[in-house]
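Asks:
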Amino acid sequence: AGALLPLDVARDLASLQIEEECAKDFLVAISRGKGRVAGGLMRGLSFPSVEGVRWRVDVTISTTALSRVLKPSVLFQLELSDGRLEKVRATAEGFTHTHTHTHTHTHTH
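With the working numbering applied, the sequence shown covers 1467 to 1575.
(1) What does DSSP give as the partner residue(s) for R1522 in the beta ladder?
(2) For the beta strand (DSSP E) holding T1529, just list the boundary residues, first then last.
(3) Run through the DSSP bridge pairs and tell me what A1558 is partnered with.
(4) According to DSSP, is V1535 part of a helix, a strand, or is it coil?
(5) By DSSP, does E1486 sit in helix, in strand, or in coil?
(6) CA-CA distance, H1546 and V1516?
(7) Check whether the Cβ atoms of A1476 and L1493 sit closer than 8 Å, and answer yes or no.
(8) Please tell me whether V1535 and T1529 are closer than 8 Å, where the distance is taken between their beta carbons.
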């Protein structure tokens, strides 16, 4: 296995349009050789892919403190390639923010 060169990593992070602050933190972690991320990169770290998504919208009608809330949230169940099922809940505002932010950074203009 070849050496992990910071310049190569920085170039790869830039090509993926990773925000500069995040890229700097990542490079610092690699240069210090700490954590599982640096070791995993040296061994060819990989992550499971999403093979299926189920989702629903829940609406909180009331709570013990408030008689009328009407607050929506989105619940996702992700089926991963390693067989795990992960559940993620987001407020409507959080979902909108994540969708907008992800769309902006993953699509070329």
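Just so you know, even glycine gets a beta-carbon here, dropped at the ideal spot from N, CA and C.
Replies: This is what the structure gives:
(1) L1541
(2) Careful: T1529 lies outside any beta strand (DSSP E) and carries neither H nor E.
(3) Note: A1558 sits in no beta bridge, so no partner.
(4) coil
(5) helix
(6) Looking at the sequence shown, residue 1546 is not His but Leu. If you take the alpha carbons of L1546 and V1516, they lie about 5 Å apart.
(7) yes
(8) yes
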